Amino acid sequence: MDNLKQKLSAYKKHPGSLVVMLLVMFASLITFLVLFFLVIYILAKGIPHLKPSLFSFTYTSENVSLMPALINTIIMTLLSLLIAVPFGIFSAIYLIEYASKKNKFVSIIRITTETLTGIPSIIYGLFGMLFFVTKLQWGFSILAGAFTLAIMILPLIMKTTEEALKSVPDSFREGSFGLGAGKLRTVFRIVLPSAIPGILAGIILAVGRIVGETAALIYTAGTVTKIPKGVMESGRTLAVHMYNLSSEGLYMDQAYATAVVLLVLVLGINTLSGFIAKKLTKERS
Amino acid sequence: MKIEVKDMNLYYGDFHALKDINIGIEEKKITAFIGPSGCGKSTLLKSINRMNDLVENCRIKGDIFLDGENIYKDLDVNLLRKRVGMVFQKPNPFPMSIYDNVAYGPRTHGIKSKAMLDDIVEKSLRDAAIWEDTKDRLKKSALGMSGGQQQRLCIARALAVQPEVLLMDEPTSALDPISTTKIEDLAMELKKDYTIVMVTHNMQQALRISDNTAFFLLGEIVEYNDTEKLFSIPSDQRTEDYITGRFG
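Which chain is which? The protein sequence lines are A and B, in order. Numbering-wise (this note's numbering), the first sequence opens with residue 7 and increments by one. Numbering-wise (this note's numbering), the second sequence opens with residue 575 and increments by one.
Laid out in structure tokens, this is it:
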């Protein structure tokens, strides 16, 4: 209580700081409440409609199963990451570790990635449809969707990897070079392992974008409700499934149930990657 | 002479950081570089194992010889750095285990045998006088050690690639007095086998442990002599002013 009194008397002398404190508290409270309300609302609306028939492996207009969409989401996420992560990480390594800071090419790449980050996803969808679906004649397919999403998340992964690499202290690099290690060894043995938690954080963000994406997928991966036999077949992800259910207006309850599954999926991915990041950093420090 | 620097000039962009440097470093002795901040002593030190290559805009004219070989023309930079090891101002162990820190250098240079690595790690840690502190926790992270221990680990890591020369860039400036004494004792011990060049801000330290001392001022070597002579009868007025504490 003494502490509180001291604080109060301090605030009396500086009323401005009391106002600012109340403002920031209010802002964080609102943020929390919005999220809290959203989650509770979805859970309340969705959980009663989570029936076993929703998880049937074949979709019919009777069971409105979300299982094919769930499986498609996982395939789509893995495939997009498989394409985008190596490219993103390697370009970031080039930009941070290899390219000279005054290099013109580098500033062009930077401008391009920043622009790409700001483009609405429907534009990626349109490009994916014109290029992968039509020009390359892949048709509406998981592959076309995954490539479109890969292009969409590439700048994100690049940017976060760049930041992660930048945060590795130069003293590590100096230490490695000082022992006669070359660039390649320094980057792969010292710098990259130290940057893994940051890179993983970027990948989690990318997963979030993939899982939540609809606009870019409707025109590339299509909306077929089956589990595809290969990557050249069409398939809808959970988010697209939800969009279709709610736009058709017939299956609102199932749409909420799907939202619950999507929410749990995202939470699960976040927890898992947080766990992996912790484990990786623990092993090293 | 183990190392010879001839007519060397170094520029950072337009800034003329080192001017007409000529100096010979004796084998198996400790050579101290002293002088006020920004006088170029660390810059010269980092030129000896070409760490300045990493600095953009850094241009070097003139030659540096290691055992008569021109380090910029005759030697591969990675092999040069294997022969000329470095200990930095701030201890910089890698975020891995103590064992892996010491084994990093030998592994870099192609040693894979577990038995050989074990021997090298133990010998290096013993030579750096830190074996007793570390032998039971080799698999633990190096980041959990104290600053002084970390610096001795960094010395062990440098020794593990069997260098001929050890460059030390103010190795005790981030350490407490007890750790400093340990590093100084260690340097005295190591000079039996290694040529040591040490940059220091601390004139007492130079006096205590070095055989030769070079006094730097504004990118030039003002005076280079036997340490005792330099501190007792400096031949240049500026050296006298500096060591008697009139500036710097």
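Each residue gets a CB set at the ideal place from its N, CA and C atoms; glycine is no exception. What you are looking at is a predicted structure, and each value in this text was computed from that prediction instead of being measured.
- Assigned with DSSP and collapsed to three states, residue 145 of chain A falls in coil, not helix or strand.
- DSSP, reduced to helix, strand and coil, places residue 604 of chain B within a strand of the structure shown.
- The beta carbons of residue 89 of chain A and residue 156 of chain A sit closer together than 8 angstroms.
- Residue environment analysis places residue 213 of chain A among the buried positions, since at least 16 neighbouring C-beta atoms fall within 10 angstroms of its C-beta.
- Using a CB distance cut-off of 8 angstroms, residue 682 of chain B counts as an interface residue toward chain A.
- Taking C-beta atoms as the reference points, residue 225 of chain A and residue 135 of chain A count as a pair closer than 8 angstroms.
- The alpha carbon of residue 761 of chain B has as its nearest neighbour, out of B:648, B:576 and B:729, the alpha carbon of B:729.
- About 7 angstroms separates the beta carbons of residue 577 of chain B and residue 639 of chain B, which is inside the 8 angstroms limit, making them a contact pair.
- The C-beta of residue 33 of chain A comes no closer than 8 angstroms to any C-beta of chain B.
- Counting along the chain, residue 179 of chain A sits inside the alpha helix (DSSP H) bounded by residues 176-184.
- Straight-line spacing of the CA atoms in residue 686 of chain B and residue 713 of chain B works out to 18 angstroms.
- DSSP places residue 656 of chain B inside the alpha helix (DSSP H), whose first and last residues are 651-657.
- In the displayed model, residue 171 of chain A falls within a helix according to three-state DSSP.
- When only Cα atoms are considered, residue 711 of chain B and residue 672 of chain B end up about 8 angstroms apart.
- Spanning the alpha carbons of residue 186 of chain A and residue 221 of chain A requires a straight line of approximately 51 angstroms.
- Looking at the backbone, the Cα of residue 245 of chain A and that of residue 87 of chain A are separated by about 17 angstroms.
- Taking every protein chain shown into account, the CB of residue 247 of chain A has 16 or more other CB atoms within 10 angstroms, so this residue is buried.
- Annotation for residue 593 of chain B: the continuous beta strand (DSSP E) segment containing it runs 589-599.
- Residue 727 of chain B and residue 759 of chain B have their alpha carbons spaced roughly 15 angstroms apart.
- Interface annotation, residue 111 of chain A: not in contact with chain B, CB-CB separation never under 8 angstroms.
- Shortest Cα-Cα distance from residue 173 of chain A to any of A:272, A:200 and A:25 involves A:200.
- Residue 673 of chain B carries a helical assignment under DSSP once its states are collapsed to helix, strand and coil.
- Counting along the chain, residue 776 of chain B sits inside no beta strand (DSSP E), nor does DSSP assign it H or E at all.
- Residues of the stretch 164-186 of chain A whose Cβ lies closer than 9 angstroms to any Cβ of chain B, in chain order: 175, 176, 177, 178, 179, 180, 181, 182, 183, 184, 185 and 186.
- In this structure, the CA atom of residue 227 of chain A is about 56 angstroms from the CA atom of residue 734 of chain B.
- When rounded, the separation of the alpha-carbon atoms in residue 69 of chain A and residue 260 of chain A is 9 angstroms.
- Excluding five sequence positions before and after residue 657 of chain B, the CB atoms of its chain that fall closer than 6 angstroms to its own CB belong to 737 and 738, given in chain order.
- Counting only Cβ-Cβ distances below 7 angstroms, residue 240 of chain A has no contacts in chain B at all, with the closest Cβ about 46 angstroms away.
- Residues of chain B whose Cβ lies closer than 9 angstroms to the Cβ of residue 13 of chain A do not exist; the shortest such Cβ separation is about 37 angstroms.
- Taking the Cα of residue 821 of chain B as reference, the smallest distance to any Cα among B:790, B:701 and B:581 is reached at B:790.
- Using a CB distance cut-off of 8 angstroms, residue 94 of chain A does not count as an interface residue toward chain B.
- In this structure residue 209 of chain A is in contact with residue 91 of chain A, their Cβ atoms being roughly 6 angstroms apart against a cut-off of 8 angstroms.
- Secondary structure at residue 660 of chain B: strand, using DSSP grouped into helix, strand and coil.
- Considering only beta carbons, the part of the stretch 181-215 of chain A lying closer than 7 angstroms to chain B consists of 181, 183, 184, 185, 186, 187, 188, 191, 196 and 200, in chain order.
- In this model, residue 16 of chain A and residue 37 of chain A are separated by some 28 angstroms (Cα to Cα).
- Separation of residue 766 of chain B and residue 587 of chain B (C-alpha to C-alpha, rounded to the nearest whole angstrom) is 39 angstroms.
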